[in-house]
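Using our numbering, the first residue of the sequence shown is number 63, and each one after it goes up by one. Cβ atoms here follow ideal geometry from the backbone N, Cα and C, with glycine treated the same way.
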Amino acid sequence: MTVSSKLVEVPKSGFSSIPVIDISDPESKHDMVKACEDFGFFKVINHSVSSELVSVLDHEAVEFFSLPTSQKTQVAGYPFGYGKRAIGRNGDVGWVEYLLMNANLDFGSHPFPPGLLQNPETFRLDST
């Protein structure tokens with residue numbers, strides 16, 4: 063079996079790292095818009111979500127995206143659920159997988175990844 067060693071040149075983005083948005087700053091909304099326009103995504107800090115919960119969500123994300131495509135597509139739907147898209151002007155840059163979830167678990171009967179629904183109250187913020 064021969065493995066291709068073809069290299070793909072990645073265009074320079076002008077960024078040296080992922081933009082970090084401090085949402086405790088009331089002016090951060092402008093930074094979010096700029097990061098989305100210029101970079102496509104960003105990291106959020108000072109969001110008041112515990113590091114323990116972030117770790118659980120990270121673990122669940124790794125578990126979910128490690129599944130075979132046939133299992134991931136079982137939670138596909140519109141507008142929420144699993145999906146994948148080619149990226150680049152001609153779909154030639156690569157592809158991206160995503161999982162869009164509604165924050166309201168009572169909304170519709172949309173299937174969610176099993177790990178996230180085993181204990182859904184773990185993922186809810188107490189708004190009282």
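Within its chain, find whatever has a CB closer than 6 Å to the CB of Y160; leave out the 5 residues flanking it on each side and keep chain order.
Translated into the one-based positions of the sequence shown, residue 160 becomes position 98. If we look at Y160 and ignore the five residues flanking it on each side, its Cβ neighbours are G145.
At what residues does the alpha helix (DSSP H) containing D27 begin and finish?
Past the edges of the chain, shown from 63 to 190, lies residue 27, and the structure says nothing about it.
Please classify K105 as buried or exposed, where buried requires at least 16 other C-beta atoms within 10 Å of its C-beta.
Within the sequence shown, numbered from 1, the residue matching residue 105 stands at position 43. Exposed, because fewer than 16 other Cβ atoms sit within 10 Å of the Cβ of K105.
If you draw a straight line from the C-alpha of N108 to the C-alpha of G143, how long is it?
Taking the sequence shown and counting its residues from 1, one reaches residue 108 at position 46. Taking the sequence shown and counting its residues from 1, one reaches residue 143 at position 81. Their backbone Cα atoms lie some 27 Å apart in a straight line.
Is it right to say K134 is buried, meaning 16 or more other beta carbons lie within 10 angstroms of its own, or is it exposed?
Within the sequence shown, the letter at position 72 stands for residue 134. Per the 10 Å Cβ criterion, buried.
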